[in-house]
Every structure is written in structure tokens, then in C-alpha cells.
Amino acid sequence: MINYRLSKQIAVTGGGGFLGSHLCKRLLDDGHNVICIDNFFTGTKDNILPLMDNNRFELLRHDVTFPLYIEVDEIYNLACPASPIHYQHDPVQTTKTSVHGAINMLGLAKRVKAKIFQASTSEVYGDPQIHPQTETYWGHVNPIGFRSCYDEGKRCAETLFFDYRRQHNLRIKVARIFNTYGPNMHPNDGRVVSNFIMQALQNLPITIYGDGSQSRSFCYVDDLIEAFVRLMDTPDDFTGPVNTGNPGEFTIKELAEKVIDLTGSSSKLDYKPLPSDDPTQRQPDITLAKEKLGWEPRIELEEGLKKTIPYFEKLLKTLNRKP
Ligand code: NAD
Ligand code: UDP
Numbered sequence: 000m001i002n003y004r005l006s007k008q009i010a011v012t013g014g015g016g017f018l019g020s021h022l023c024k025r026l027l028d029d030g031h032n033v034i035c036i037d038n039f040f041t042g043t044k045d046n047i048l049p050l051m052d053n054n055r056f057e058l059l060r061h062d063v064t065f066p067l068y069i070e071v072d073e074i075y076n077l078a079c080p081a082s083p084i085h086y087q088h089d090p091v092q093t094t095k096t097s098v099h100g101a102i103n104m105l106g107l108a109k110r111v112k113a114k115i116f117q118a119s120t121s122e123v124y125g126d127p128q129i130h131p132q133t134e135t136y137w138g139h140v141n142p143i144g145f146r147s148c149y150d151e152g153k154r155c156a157e158t159l160f161f162d163y164r165r166q167h168n169l170r171i172k173v174a175r176i177f178n179t180y181g182p183n184m185h186p187n188d189g190r191v192v193s194n195f196i197m198q199a200l201q202n203l204p205i206t207i208y209g210d211g212s213q214s215r216s217f218c219y220v221d222d223l224i225e226a227f228v229r230l231m232d233t234p235d236d237f238t239g240p241v242n243t244g245n246p247g248e249f250t251i252k253e254l255a256e257k258v259i260d261l262t263g264s265s266s267k268l269d270y271k272p273l274p275s276d277d278p279t280q281r282q283p284d285i286t287l288a289k290e291k292l293g294w295e296p297r298i299e300l301e302e303g304l305k306k307t308i309p310y311f312e313k314l315l316k317t318l319n320r321k322p
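Okay, so the sequence shown: first residue is 0 according to numbering that gives the first Met the number 0, each after it adds one.
Below, the structure is given as C-alpha cells:
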């Protein structure tokens, strides 16, 4: 039963993207009014098509690098290309989206006294020298490499959030998101889970960059969205940053083998050069999230992959049907 008296007006920037579309749906299901703000640089209308009939959902085509004047109670700031091939396509625009986007959304939050959430990233830790990563670790980031537009843009956005907090007493919430996967990922975003599933389903070679010994920790999208909502609802004195991710750590080779197994594919492993500055290991320490959000992920990798593979199968059928 929806309690409309408690329903809020909530803006989700990047709402047409992978995570944003799941978040919009969750907030609508919770009875809120949702304004989805997106310029569709990497997101697609297909992701939010199922939400369009809901009269509490509104879509605004807008680029967050420009100011925005709306009235809202809460803002989730997710707008930013997130996969390495997407964010390296136009690196200057990537930094602008993180930095100018943060300034514009923080300015909006200040004007309307809204609470504001920032989708930060494990990339703020760069190629980490401590393992697993805790929020107190300052990171090991190359400021001038190919990944820097994203890493440094996100780091600067965090700085802005905390300066708006100190200078203007804004209510802020900063989540550092670790690799997340699930339905609504872009099939060509080049991220490892989408690449491997797409390749496996077509019995194409599985492209492993480097020797596949680098590790990542993969979180299923539903678990992550639960953490977002819980973080937004924490008392005002809790700002984060807080790690949100699944501590289950796998090498990229292990992931490839799991995907081949679960899809019943005849794909073979194909080793390619490792991109520069590719972090060698990544695992969130989620002690803080457990303590402050009462949260930990429930869906393990194999179960999450089983929920994700049918989405890509359906997508492939649609793509193959198109002339
Ligand atoms: P995504 O690319 O699917 O979504 C990003 C959305 O932002 C897209 O819909 C895109 O069109 C939109 N966008 C980009 N630039 C914009 C601009 N200037 N103005 C308005 N909209 C713009 O990526 P995602 O995986 O859903 O990531 C969402 C957020 O979470 C990003 O900020 C990303 O950095 C962060 N994040 C994601 C992950 C992950 O594993 N998915 C990990 C760490 C951080
Ligand atoms: N990767 C890979 N093959 C692919 C795509 C990615 O081996 O087809 C590797 C990539 O080099 C990295 C890891 O998988 O070590 C995760 O890459 P992704 O782009 O998903 O995320 P990020 O590097 O930002 O964590």
C-alpha cells in the first residue's frame, strides 16, 4: 500500500542509464514522484519505457552541465558515463559532467534545500595499494592518464559535495560504488560483465585483457539500489562516503569461466593487451555500510548472472530481428 502523504518529489540525474532506471523504478514503487533527468549520452529510452505510463514519472531531457531550475525534495546525482569506453570517448565532457554537473546539482539542492546523493565510485581509490579498500584510504590515482577524466572528475565532485556541506550546511550523501551489473546495462558499453555475456551468447571469443588475474568485486543491481535508498534515509549527520558493493572478489578469468559455464557457450578465451592504468585488484570493505545502513548484499555472483543473462538474450533477439 502506497502512503501518498510520505511521497516526495525526487530528481534522478542519469535516470535513463543502467543504475538510474532501476532507481527510478524503485522510487516509483515506493510511492514517490520521480523526475528523470538525462541527455541520453549513454542511457536509452528503452530503459525507462516501462515507467512512462506512470503519472508520477516525468522525463526531462537535460544536460547537467547546464543549470536546472526545478522544485524537489531529494536529488540522486547519477549522470555520468560510467564505462571506460564511454567515459574515454569524450574525456573533457566526462570531467565537465562530473564537475559542472555536481556544481549545478549542488546549487539546485542549496536553492530548494534538498537532500542530495552523489554516485561516486571505487575509482576514487585508483589502483589501490591497500586491500580491501576502506573509506579512509585516500587512493592511488594517476592524474594525467586515460582514466583520469573519470577518476579525478569523481574525486573533485566529492570535494564539492563536502565543501557545500561545510560552507552551506547542505545535507549530502556520498556512495562509492563498486562494479555493479544487471539488466539494463548497455550491450556495447565495453564493461566486463556485458562484454563477456554478449560474447558467450554468440559463441564469440571472450576477450580477456591482460592475463585475467586482475580482480573485481561484482554487485547485483538490486542490492546496490537498496543501499542507495537506505543511505538517503540515514540521519543528516551521516554523509558518507560509504562503500557500496559486494565484497565477493573474482579474477576476470574466473568471471569468464563462470559466464561460459552458465550460458553453455562454446566460446574460447582470447587474451588481449591490458589497458593502461587498469586497477589490479578491487574489493570493498563494507563494514561502514553494514553499521550505518544495516545493509549487505544478498545476491551472489552466480545468482546475479543467472538474472542478467536472460536480459542480454532478449536484447540479442531484438537486435537480430532489426533489418
Ligand atoms: P550509465 O552510463 O548507464 O548511466 C549514466 C547516465 O547518465 C546515462 O543515462 C547518460 O545518458 C547520463 N548522462 C551522461 N552525461 C550526462 C549529462 N551531461 N547530463 C545528463 N545526463 C547525462 O552508467 P551507470 O552504470 O548507470 O552509472 C550511473 C552512475 O553510477 C554514474 O555516475 C557512475 O559513475 C556511477 N557508478 C557506476 C558503477 C557501475 O558499476 N555501474 C560503478 C561506480 C560508479
Ligand atoms: N575486461 C576484460 N575484458 C573485457 C572487458 C573488460 O578483461 O572485454 C577487464 C578490464 O581490463 C578490467 C576488468 O575487466 O580489468 C573490469 O573492467 P570494466 O570495464 O568492467 O570496469 P573497471 O575497469 O572500470 O572496473
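Here a beta-carbon is modelled for each residue, glycine too, at the ideal position from N, C-alpha and C.
Practice prompt. Specify the secondary structure class of residue 154 as computed by DSSP and reduced to three states.
Written response: helix
* To do: In the DSSP assignment, find the unbroken alpha helix (DSSP H) run with residue 291 in it and report its ends.
  => 286-292
In terms of residues, what are the limits of the alpha helix (DSSP H) holding residue 276?
No alpha helix (DSSP H) holds residue 276; DSSP gives it neither H nor E.
Exercise for review: Examine the ligand NAD and report whether any of its heavy atoms sits within less than 7 angstroms of the Cβ of residue 178.
Suggested key: yes
Query raised in the report: Taking the alpha-carbon positions, what's the residue 93 to residue 125 distance?
Result: 17 angstroms
* Asked: Looking at residue 191 and the ligand UDP, is the gap between the Cβ and the nearest heavy atom below 7 angstroms?
  -> yes
>> If I measure Cβ to Cβ from residue 140 and keep anything under 6 angstroms in the same chain, skipping five residues before and after, which residues do I get?
In response: 125, 150
Exercise for review: Could you check which residue in 34, 37, 258, 41 has the C-alpha nearest to that of residue 187?
Suggested key: 41
- Between the Cα of residue 106 and those of 159, 89, 16, 197, spot the shortest distance and give me the residue it belongs to. 159
Item to complete: Can you check the stretch 158-243 for any beta strand (DSSP E) of at least 3 residues that lies completely inside it and give the ranges in chain order?
Response: 171-176, 205-208, 214-216, 241-243
- Return the first residue and the last residue of the beta strand (DSSP E) that residue 113 is part of. Where residue 113 is concerned, there is no enclosing beta strand (DSSP E), given that its DSSP letter is neither H nor E.
Q) Should residue 33 be listed as close to the ligand FMN, given that the test is whether its C-beta is under 7 angstroms from any heavy atom? A) Only the ligand NAD and the ligand UDP can be found as ligands here, which leaves the ligand FMN out of the picture.
| message | Quick check on residue 85: buried or exposed, where buried means 16 or more other Cβ atoms within 10 Å of its Cβ? | response | buried
- prompt: Taking buried to mean at least 16 other C-beta atoms within 10 Å of its own C-beta, is residue 51 buried or exposed?
  reply: exposed
query: In three-state terms, what does DSSP make of residue 309?
result: helix
- Rank 285, 6, 9, 49 by C-alpha distance to the C-alpha of residue 183 and give the top, closest one. 49
Grab the span of the alpha helix (DSSP H) containing residue 258 for me, first residue to last. 251-262
- Nearest-angstrom Cα separation, counted from residue 178 out to residue 215: 7 angstroms
- Is the Cβ-Cβ distance between residue 63 and residue 12 less than 8 angstroms? yes
### Query
Using the C-alpha atoms, what's the distance from residue 269 back to residue 324?
Absent from the model: residue 324. The displayed extent of the chain is 0 to 322, so no value can be given.
Is the Cβ-Cβ distance between residue 231 and residue 122 less than 8 angstroms?
no
Assign residue 15 to one of three DSSP states: helix, strand, or coil. coil
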